[in-house]
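Step one of this worksheet: look at the structure below.
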Amino acid sequence: MSLILIASERFAEHMTPPGHPESPERADVMDAVAAEWRARGGEVVAPRVASREQLARVHAPEHLRRMGETAGVSVALDPDTYTSPETYEVALLSAGAAVDAVERVMAGTHARALVLSRPPGHHAEHDRAMGFCFFNNVAVAAAHARALGAGRVAIVDYDVHHGNGTQHIFENDPSVLYVSTHQFPFYPGTGAATEIGYSAGAGRTVNVPLELGATDQDYRLVFEQVVLPVMRQFQPDIVLVSAGFDAHERDPLGQMRVTTPGFTAMTAALRQLAEEQCQGRLVAITEGGYDLEALRECCEEVLAVLGSERAPDVRWPESPVASSRGRMAATQAKAALTQYWQF
Ligand SMILES: [Zn+2]
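So for the sequence shown, our numbering puts the first residue at 1; every next one is plus one.
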């Protein structure tokens, strides 16, 4: 089978306060998805912890030191971001899972990898934890792919929140393309279309800010008009996906109207693009997604899309209401990036 799944029941050991959306039950859901895949003959491996060297490619020594000091204790690092005694170790495993996935795909032992992990990563900045995130898993993975010889790495982030940490880590780096679709304005406040990267990285940050209420067809439009055309021109050597499912219509934090088949279509479109551009090399890493049933459905769907022998057709669901949110977001993104990409 050309997909490797990386999962661990230890991801449930990072505890958050009662009622916190980023709950250990999310890990139980992901673990159940992994167990079912294994029972059907799928390949599942447990992660190793990320090394200091791997983390230091994207994080400041000061941040690594402060995180090390949280081992064994419960502290609040920001108003939403809490450690429990196990958090440090589990966060190292979550980043290590992303590294492991990239290693296998770059080595060619597997075409694709899916990492079902928590805590998530895309809000973690170079020098601090933020927004439920401790280490920036997808950024650590991208830097690892570069270290293994990938000349160009594309990160697509369809989590409902903007991945401020990922953007900031790579915004002056021409070798990493960061493309984000997200609710805007919304937490964490970044992600305007005019944020396009700077110096050598100008044009390689692509923000598609969608007004709340965006539907599957809005996402289809921005994928077809912005996300996929930019990625085709960039010609990545590997595609990384920040696979957050909190744009789901049932999510308690996001206010979008994406359905489970909408996530299926987005993921299938990215798989198809990876097959056109980079021999199928694709690593998907979970981020947010706070309705447990929607999380389960989306993890199963992503697994089905990435685990099938042949790339499935991309089938965007019809949306019950007409919306101009996709068109407005695409217009803004294209206007900001017109000197860098052809649309
Ligand atoms: Zn999110």
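Quick reminder that beta carbons are idealized off the backbone N, C-alpha and C, glycines included.
Of the residues PHE234, VAL90, PRO18, GLY41, the one whose Cα lies closest to the Cα of ILE155 is PHE234. For ASN207, no alpha helix (DSSP H) segment is defined; the enclosing uninterrupted segment is the beta strand (DSSP E) at 205–210. Within the same chain, Cβ atoms closer than 8 Å to the Cβ of ARG281 are found at VAL105, MET106, ALA111, ARG112, ASP237, ILE238, VAL239, ALA274, the five residues on either side in sequence being excluded.
For SER180, DSSP records a beta bridge to ASP157, ASN207. Taking a cut-off of 8 Å for Cβ pairs, the stretch 212–226 and the stretch 332–341 touch, as three or more such pairs fall below it.
Counting of Cβ neighbours within 10 angstroms places GLU301 among the buried residues, the total reaching 16 or more. Distance between HIS59 and HIS123, taken at the CA atoms: about 13 Å. When C-alpha distances from CYS133 are compared across VAL305, GLY163, VAL227, ALA145, the shortest belongs to GLY163. Beta-bridge pairing by DSSP links MET130 to CYS133.
For HIS63, the distance from the CB to the nearest heavy atom of ligand 1 is not below 7 Å. Membership of LEU253 in any beta strand (DSSP E) is not indicated, and neither H nor E is assigned to it by DSSP. If you compare the alpha carbons of CYS298, ARG40, GLU89 with that of HIS248, the shortest gap goes to CYS298.
By the rule of a C-beta closer than 6 Å to any heavy atom of ligand 1, the residues picked out are ASP159, VAL160, HIS161, GLY244, ASP246, GLU287, GLY288. DSSP places TYR88 in the helix class (H, G or I) of the three-state scheme. The beta carbon of ARG52 lies closer than 8 Å to those of LEU64 in the same chain, with the five residues before and after it left out. Judged by DSSP in its simplified three-state form, THR109 adopts coil rather than helix or strand.
Residue nearest to GLU25 within the set THR83, TYR158, ARG10 is ARG10 (criterion: CA-CA distance). A Cβ-Cβ distance of about 27 Å is found for the pair LEU295 and VAL75, leaving them out of contact under the 8 Å criterion.
When secondary structure is reduced to three states using DSSP, LEU148 falls in the coil class, being assigned neither helix nor strand.
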